[in-house]
Structure formats: structure tokens, C-alpha cells
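Reviewing the structure listed below.
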Amino acid sequence: MTLAEKTNITAGTGIFMGSRCNGNTGSAPRVGFPQLCLNDAANGVRQADNVTVFPDGITTGATFDKKLMYERAVAIGKEARGKGVNIWLGPTVGPIGRKPKGGRNWEGFGADPVLQAVGARETIKGIQEQGVIATIKHLVGNEQEMYRMYNPFQYAYSANIDDRTMHELYLWPFAEAVHAGVGAVMTAYNAVNGTACSQHPYLVNGLLKDELGFQGLVMTDWLAHMSGVGSALAGTDLDMPGDTQIPLFGNSYWMYELTRSALNGSVPMERLNDMATRIVATWYKMGQDSEDYPRPNFDTNTRNREGPLHPGAWPNSASGVVNEFVPVQADHDVVARQVAQDAITMLKNNDNLLPLSASRSIKVFGTAAQVNPDGPNACPDRNCNKGTLGQGWGSGTVDYEYLDDPIGALKSRASNVTFYNTDSYPSNAQVGADDVAIVFITSDAGENSYTVEGNHGDRDASRLSAWHNGDKLVKDVANKYSNVIVVAQTVGPLTFEQWHDMPSVKTILIAHLPGQEAGDSLANVVFGDASPCGHLPYSITFKEEDMPESVTKLIDYALFNQPQDTYSERLYIDYRWLNKEGIKARYAFGHGLSYTNFSYTDVAIEKVTQLDTLPPPRKPKGPVLDYSQAIPNYTEAVKPAGFSTVWRYIYPWLSESDAKKAAADAESKSYPYPAGYNDDQKPGPRAGGGQGGNPALWDVAYTLSVRVTNTGQTHSGKASVQAYLQFPDGIPYDTPVIQLRDFEKTAELAPGESETVELTLTRKDLSVWDVEIQDWVVPAVDGAYKVWIGAASDDLGTVCNVDALQCESGVSGTV
């Protein structure tokens with residue numbers, strides 16, 4: 051490639067300026083490298099036609115089902131490929147859900163690093179097996195939406211994270227993603243410890259590329275690029291969508307400016323060659339050089355067949371066919387419905403009110419039972435909470451082809467259903483002694499790019515209460531009816547204390563964010579075709595203040611200074627904090643009831659690998675690719691004669707005078723690396739050595755097996771077997787009381803049927819990050835670790851002792 055070809059493929063061509071997608075890179079057609087299509091969302095293909103709206107990440111995490119996580123990803127990957135997407139901008143593991151009111155927690159899988167890591171791993175596997183490049187995001191510390199972005203007048207907040215917390219919580223799912231071979235990583239908008247993520251050399255070069263051995267490309271989030279030379283030297287490889295922070299006139303810190311920097315020597319050719327190689331190599335690795343890989347056949351800007359080719363160049367854009375209306379859904383509604391159904395989490399079911407008979411008299415309250423009367427896509431990026439809440443809002447959304455709403459499904463299954471389409475108790479409601487009232491409530495959140503009903507992305511206005519006076523609606527209904535079911539469509543935890551203990555509130559179901567299959571997935575559970583088998587991917591507390599102020603308080607004000615978000619709770623988020631402080635949750639992480647019961651018997655633990663305190667030394671780094679190259683002739687940077695440009699489109703070429711000046715500067719000036727940099731190859735951190743870190747970290751240390759039996763008499767069901775590790779007493783490290791380390795979901799078991807489930811503990815699972823040694827340490831080899839097994843973080847009736855390799859059932863859990 052020429053110099054201009056390399057700088058063209060390492061950046062986007064400008065916001066709304068490429069061929070159809072949420073972002074588009076430059077191309078190098080002379081050598082057969084195309085413009086790449088980058089597209090959201092984390093639950094499907096954003097702003098496209100003929101696609102499936104899959105349940106969101108938080109819903110998928112609530113299944114606690116690795117197989118379903120993978121099958122969902124396979125379906126998304128097939129749709130992304132079918133629409134011509136090269137790089138899919140998911141999955142999301144940052145935010146991890148540290149702040150319960152965080153705006154984009156719902157895009158990830160839950161408030162635990164292992165749950166996030168497994169969700170990411172299975173998603174990456176399913177997506178990339180279809181030839182689509184997956185993107186793990188956002189690296190790192192993007193735990194709230196307000197004040198996340200830099201602008202010319204205000205710094206983004208700084209997520210201040212200590213080294214051990216970074217490794218054991220926030221970096222953990224990224225390490226798993228790199229180990230799984232993820233092709234791309236997206237940096238976060240915010241700063242970490244004072245430095246913006248997109249130009250953070252320790253975060254990108256040090257942790258991600260050196261320690262974790264990441265081999266793919268690192269991209270910025272959209273408009274998060276804010277430096278030229280600095281971000282290049284820090285390790286960023288792709289600037290998206292190419293513009294500066296205020297994208298008005300087609301200006302860029304890279305493209306032509308990167309061409310200038312390479313010509314004058316301020317960005318070494320070795321770095322530019324590395325950037326270009328990472329992009330091209332990832333494209334090759336996924337097989338996208340194949341002739342049968344589709345080109346984009348949809349347009350994120352219009353639903354018309356014809357439209358502007360470069361909408362951002364309006365009114366001077368050329369027009370053409372932009373939508374080919376290629377259907378890609380196949381039978382993906384089946385897996386979407388299964389995820390939505392298996393995520394439904396039953397918190398309580400007094401008097402076994404559920405399942406219902408289809409002949410029961412049912413009164414339904416709440417506008418969330420029915421699709422938005424203006425249409426499911428009436429609000430751009432779903433930036434309203436009107437009707438059934440199937441997704442949060444923002445760039446993590448997909449356009450509905452249809453929305454199967456709950457009221458339609460309930461009416462199709464039951465003979466006597468009355469719907470009151472209001473969020474206030476209606477004066478004309480008829481109350482019968484045998485009536486069952488189902489009340490739908492919601493809580494929404496999304497990106498800070500929109501403010502919805504006073505919520506600036508995060509739930510800063512609604513907090514952890516139901517929207518639209520939903521708590522009052524539940525109370526009013528519960529004062530009239532004797533049998534009340536509450537169904538919550540929600541982005542995250544709510545507080546229920548206004549009505550939870552009212553005698554008539556018999557049942558609570560959390561539907562999470564079910565996507566397009568909100569109706570039948572719920573009806574199948576309500577009428578007993580399937581037992582609920584979802585589990586909470588976060589804890590629900592009695593009150594917001596049960597969590598530490600560092601996570602309950604949102605940064606809601608900043609003026610010129612950089613806001614500081616200090617992770618003073620360190621390792622203790624969600625159930626880890628509650629256990630440490632001895633605070634009882636209303637419903638703990640992992641909680642979820644079924645219509646049947648399960649026993650856990652024949653539990654066994656076996657040692658697989660003999661561990662030492664430290665993992666074996668990493669292998670020395672292999673040969674480094676020789677990226678050295680003399681600075682090219684300035685003519686490689688000059689626009690070809692006769693080439694016609696488009697206004698606002700970003701190109702890599704310099705004017706001839708600028709190119710000559712840059713080349714002259716290379717002869718007369720010296721551009722040293724920043725302090726601390728040099729071009730000597732380092733041996734590498736001791737914790738590195740492979741994709742994700744030292745390969746030995748994934749050695750299986752112990753396997754556990756447990757026989758799960760459906761002990762009920764009437765209902766089939768699926769059990770979620772969760773394994774939590776307790777570190778030995780007396781070690782020189784402060785550790786959470788218990789930490790999730792593995793989980794497995796059984797198949798559907800009929801009454802009396804059994805299945806043996808296997809769980810694993812790796813070397814890393816048994817380790818802590820030692821900040822002095824800078825490596826993973828097993829603090830008590832063959833020591834008195836305990837592995838607690840059960841159905842929730844506070845329902846652990848089986849324990850295995852690692853030192854004795856013995857297990858015992860029928861015990862009281864440690865929390």
C-alpha cells in the first residue's frame with residue numbers, strides 16, 4: 051500500500067459520509083481492500099430492514115445459559131453478514147453495571163465479571179464463526195452516561211481505578227474476550243486515571259496489547275478521537291467515524307493529518323504499518339476477502355430504495371440505490387423468543403398463583419402491555435418509553451419489523467381478558483372475586499445523546515422507581531384485587547418496597563428487555579407451557595442506599611473541571627458489597643424461582659492441574675514483524691490528478707505544498723517519542739504471553755460435577771447451577787466473601803429426570819492480582835478454598851472443600 055492508502059484505511063470517511071453503515075472506513079481499491087462497514091447494535095443490526103430485534107444483553111445474561119448466549123450470537127452474526135456488515139460493534143461488557151442507575155448497563159450481561167466474560171466469550175464465538183468481526187467495548191470505566199464525553203469546554207469524567215480492581219473486575223471480561231480471539235476493541239469516551247481512553251498508552255499499549263496480547267485492531271468510540279500523534283503512539287489503530295469531536299466541516303486528527311505526521315516523521319512508519327496490518331489481518335482472518343462476502347445492502351439513514359450516497363454532504367450528495375431490502379431473519383425469531391422466555395425471572399409466587407389457567411378472568415393494567423400506538427419504531431433509537439419496553443434507547447437498538455406485545459399474546463391464549471390501557475387506575479375497572487390482575491411497569495435508560503422524561507441517559511430522574519407512576523398503579527390495583535401479578539420490563543434493578551409486601555401482590559416477574567418476542571415468551575410462562583428459569587443478573591436491594599455512595603451517586607454536575615469518579619468501593623460492587631457489609635438483599639444476584647424444585651446430589655470435585663503460587667513463566671516473545679520503512683516520497687501523499695472530491699468526505703491526501711513541507715520537516719526536525727518511550731523491544735509483562743494473558747491462566751485446576759434432579763411432581767423445568775468461590779481465611783489479600791466463577795444450565799428436566807452438570811475452576815479463578823509482583827497469585831496452593839454450589843448467590847446448599855477434595859450437600863451457605 052502507498053502512504054495514502056494506509057492512512058485511508060485507518061480512519062473513517064466522516065459521519066454520515068460513507069456507504070450506508072453507522073461507520074465506514076476508507077478503502078484501498080488498487081490492492082483489493084474495500085471500505086469496511088461498521089454497525090451497531092449489541093442486540094442485532096441497527097437501523098436496518100428485515101432484521102430481528104433480539105433480547106438485549108441484560109436479558110441474555112439473565113438466562114445464565116451459555117448455549118443460548120452462543121445461539122443468539124450465531125443468529126446475530128448471520129444477520130450481520132447477510133446485511134454486509136464487516137465489523138459488528140458488540141458485545142458490550144463495559145459498563146459492567148457498577149452503578150445501578152447507569153444508562154447502558156442493559157447492553158451488557160450483568161453486574162459480575164464472570165457473567166460478563168462468559169456472555170462476551172459465547173457472543174464473540176458465535177459472531178466470528180459467521181465471518182463477522184466482533185468488537186468488545188467499551189475499554190474501560192464507562193459506568194455512567196452523563197459527562198462521559200470530552201468537548202471543547204468540558205473534560206469527560208475520569209474513572210479512577212486501582213490496579214487490582216482493574217484486573218479482577220473491569221479488565222476480566224476483556225481478557226476473556228481477547229482469549230476468545232475477538233477481532234476488535236473499542237475504547238471508551240471517558241478518561242481512566244486522568245487520561246482519555248483513546249490516547250491512553252498504558253491502557254492500550256500496556257494492558258491490552260502487551261499484557262493481554264491483543265492481536266486485532268483498537269478503534270475509538272464515535273467522535274472520541276481527540277489527538278493525532280498522541281493517540282497513534284498510544285496504540286489506537288482506527289479513528290471512527292473519522293471526524294474531530296465537532297463534525298462540521300470534514301476535519302480529522304488522522305487521515306490527511308496522519309499522512310502529514312508520517313511524512314514529517316512525528317508518527318514513525320513502523321507504527322502506521324502496524325495500524326494498517328492489524329486492520330487488514332483481522333479482515334483476512336475472518337475470511338472477508340472471500341468473493342461471497344456480501345457488500346452492505348441497507349442504509350442506516352433512510353428506508354427508501356433510493357437515497358443520498360453521502361447524506362452528510364447534503365444538499366450536494368449524489369443519489370442512488372441504497373436499500374436492497376435483503377431479508378436475513380430466517381427462523382431467528384425462535385432463538386430470540388427462547389432467550390426472552392428463559393430470561394423471565396420469577397422473584398416471588400405466593401400461593402402458587404402462577405401458572406394461570408387459560409379460563410381465568412384476567413384484568414391487565416399498564417400501557418407497557420401493548421405496543422406503542424404510534425408504532426414500535428415511532429421514536430428514533432427508541433428514545434421514548436411508550437408502550438411495551440423491549441429495548442433501552444440509543445445506539446444499542448434495532449428497528450422492529452414487528453413487536454409481539456404481551457396483551458396480544460395474553461388475549462390469544464385466554465378466553466376472558468380485559469385490558470385497561472392506562473398507567474393510572476381506571477374508575478371503570480370491574481373487580482371480580484376470582485380476577486387475576488396483571489400490572490405492567492417499566493424502567494428505561496440509554497445513551498446520554500437523548501434525554502427521556504428527564505433522564506439524561508442514566509436514570510438520574512427516575513432513580514430506581516418504576517416510570518409513569520408505576521408503583522402507584524401497582525398499589526392502587528393491589529388495593530382492589532386479591533391476586534396481583536407484577537410484570538416489570540426494566541433495564542436494571544428497581545425498588546419494590548412501596549408495594550412488595552401487600553398481601554394481594556402474589557407474584558413478581560422481571561421480563562428484563564425482551565426485544566421483539568415480548569408476548570409469547572411471557573404468555574408461555576404465565577400459562578405454564580414453560581417454567582420460569584431466569585435468574586437476576588444483578589441484586590435488588592430494599593433501598594438504593596444499601597449500596598455504597600460511590601456507586602449510587604451519579605456525577606450530575608461539572609463546570610470546566612474534570613469530574614472525578616473514584617472507585618473507592620474497589621472490588622465490592624453488587625452482591626460482593628452486600629455480603630461484605632452483611633446487608634440482606636431483597637433479591638440477591640442469581641435469584642430466580644421455578645414452578646418446580648431441584649435437588650443437587652452426587653457432588654464431586656477432582657483436581658486436574660497441580661498449581662503453584664505463580665503461573666509458569668511466560669514464553670519469551672517471538673520474532674517481531676519488521677515494520678521498518680523509510681519515509682515514502684511526498685508524491686504518495688498527493689491527490690491523484692482529476693480525482694473529484696465530495697464536500698465533508700474525509701480523504702488522506704495533502705496538497706502538494708503541504709506534502710513537500712512535511713517531507714522537508716522530516717529532514718530538518720526531530721520528533722522524539724514522548725518521555726518513557728523508545729523503540730527497544732521489551733521482554734513483556736510476566737502476566738502476559740498469549741491472547742488474554744499467560745496461557746496457563748486458563749489451565750483447568752479443578753472440575754466439579756453435580757447431579758441435578760427435578761424433584762417436583764407436575765412441571766418440567768431448567769435449573770441454573772451456579773458455583774461461587776470462597777478464598778481461604780488467613781491469606782494476605784482482602785477478597786470478597788464469595789465470587790461467581792462458573793455456571794451451567796440444565797436441559798429441560800421432566801419430573802423425576804436428572805442431568806449431571808460439570809463446572810470448572812481455572813488457575814485464574816483461584817488467583818488474585820498481586821500489585822507488587824504484577825502477576826496472578828494463587829494465595830494458598832491446595833488450600834482451604836470452598837466452592838459453594840446452588841441456585842443463587844444466597845441459595846448455596848452444597849459446598850466442596852478444595853483441600854480435602856470432598857463435597858457436602860444440605861449445608862447452610864456462607865451468606
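In the numbering used here, the protein residues as written are 51 to 865. Glycine is no exception: its CB is placed at the ideal position from the N, C-alpha and C atoms. As the structure is a computational prediction, the values presented were derived from the model and not from experiment.
Residue i - partner residues in DSSP beta bridges
i	result
Ser493	Thr540
Asp845	Ala842
Glu808	Ser755
Met396	Leu559 and Leu643
Glu356	Val371
Met236	Met269
Trp443	Gly496
Gly767	Leu799
Val502	Asn505
Cys857	Cys850
Tyr637	Ile590
Leu88	Gly73 and Ile137
Glu794	Val771
Ile535	Ile488 and Thr557
Gln194	DSSP output for Gln194 lists no bridge partner at all.
Ala78	Phe83
Gly62	Thr75
Asn210	Thr616
Asp820	Asp825
C-beta atoms of residue i and residue j nearer than 7 Å
i	j	result
Ala573	Arg410	no
Ile186	Phe159	no
Asp508	Gly152	yes
Gly68	Asn74	yes
Ala112	Ala393	yes
Arg214	Trp826	no
Leu586	His641	yes
Asn427	Lys436	no
Residue range of the unbroken beta strand (DSSP E) whose run includes residue i
i	result
Ser554	Careful: Ser554 lies outside any beta strand (DSSP E) and carries neither H nor E.
Val653	Phe648 to Lys657
Tyr205	No beta strand (DSSP E) contains Tyr205, which DSSP labels as neither H nor E.
Asp615	Gln614 to Thr616
Lys413	Ile412 to Phe415
Thr468	Val467 to Tyr470
Unbroken alpha helix (DSSP H) run spanning residue i, endpoints
i	result
Ile174	Pro163 to Gln178
Thr327	Met319 to Lys335
Val228	Trp222 to His229
Val576	Ala568 to Val576
Lys187	Unbroken run through Lys187 is the beta strand (DSSP E), Ile183 to Leu189; no alpha helix (DSSP H).
Proximity to residue i [Cα-Cα], best of the options
i	options	result
Ser241	Ile211, Phe224, Gly231 and Thr215	Reading off the sequence shown, one finds Ala at residue 241, where the question assumed Ser. The shortest Cα separation from Ala241 among Ile211, Phe224, Gly231 and Thr215 belongs to Ile211.
Asp749	Thr810, Ala691 and Ala800	Thr810
Ala78	Leu262, Tyr588, Lys836 and Ile329	Ile329
Tyr588	Cys87, Ile65 and Trp156	Trp156
Val537	Val414, Glu599 and Tyr452	Val414
Val527	Pro553, Phe693 and Gln539	Pro553
Arg310	Ser817, Ala714, Ser770 and Ala380	Ala714
Gly860	Ala854, Thr848 and Asp853	Thr848
Leu704	Asp729, Ser302 and Ala568	Ser302
Pro724	Leu88, Asp162 and Ala284	Ala284
Gly337	Gly742, Lys522, Ile126 and Arg131	Arg131
Gln194	Val232, Val489 and Tyr239	Tyr239
Glu808	Ile823, Gly672, Arg791 and Asn243	Arg791
Does the stretch 541-554 come close enough to the stretch 378-389 that 3 or more CB-CB pairs lie under 8 Å? no
For the stretch 554-572 against the stretch 505-517, do three or more pairs of beta-carbon atoms, one drawn from each stretch, fall closer than 8 Å, so that the two count as touching? Verdict: no, contact absent.
Can you confirm whether the stretch 580-591 touches the stretch 635-652 when touching is taken to mean that 3 or more C-beta pairs between the two stretches lie within less than 8 Å? Yes, the stretch 635-652 is in contact with the stretch 580-591.
When the Cβ atoms of the stretch 116-123 are set against those of the stretch 398-415, are three or more pairs found closer than 8 Å? Too few Cβ pairs lie closer than 8 Å, so no.
Examine the Cβ distances between the stretch 774-784 and the stretch 693-704 and report whether three or more of them are shorter than 8 Å. no
Is there contact here, the stretch 494-507 with the stretch 442-449, by at least three beta-carbon pairs under 8 Å? yes
Inspect the CB distances between the stretch 659-666 and the stretch 825-833 and report whether three or more fall short of 8 Å. yes
Could you check whether the stretch 447-455 touches the stretch 476-484, counting it as contact only if at least three pairs of C-beta atoms, one from each stretch, sit closer than 8 Å? Two segments are said to touch when three or more pairs of C-beta atoms, one from each, lie closer than 8 Å; by this definition the stretch 447-455 does not touch the stretch 476-484.
How about the stretch 84-101 and the stretch 344-351: do they share at least three Cβ pairs that are nearer than 8 Å? As far as the Cβ criterion goes, the stretch 84-101 touches the stretch 344-351, which means the pair count is three or higher.
Can at least three beta-carbon pairs, one atom from the stretch 299-314 and one from the stretch 704-724, be found at a separation below 8 Å? yes
Is there contact here, the stretch 247-261 with the stretch 284-296, by at least three beta-carbon pairs under 8 Å? Because the criterion of three Cβ pairs below 8 Å is met, the stretch 247-261 and the stretch 284-296 touch.
Just checking, does the stretch 608-620 make contact with the stretch 190-206 on the three C-beta pairs under 8 Å criterion? With the cut-off at 8 Å, the stretch 608-620 and the stretch 190-206 touch.
Three CB pairs or more closer than 8 Å across the stretch 757-777 and the stretch 136-148: no
Inter-stretch contact (C-beta, 8 Å, three-pair minimum) for the stretch 724-738 and the stretch 667-685: yes
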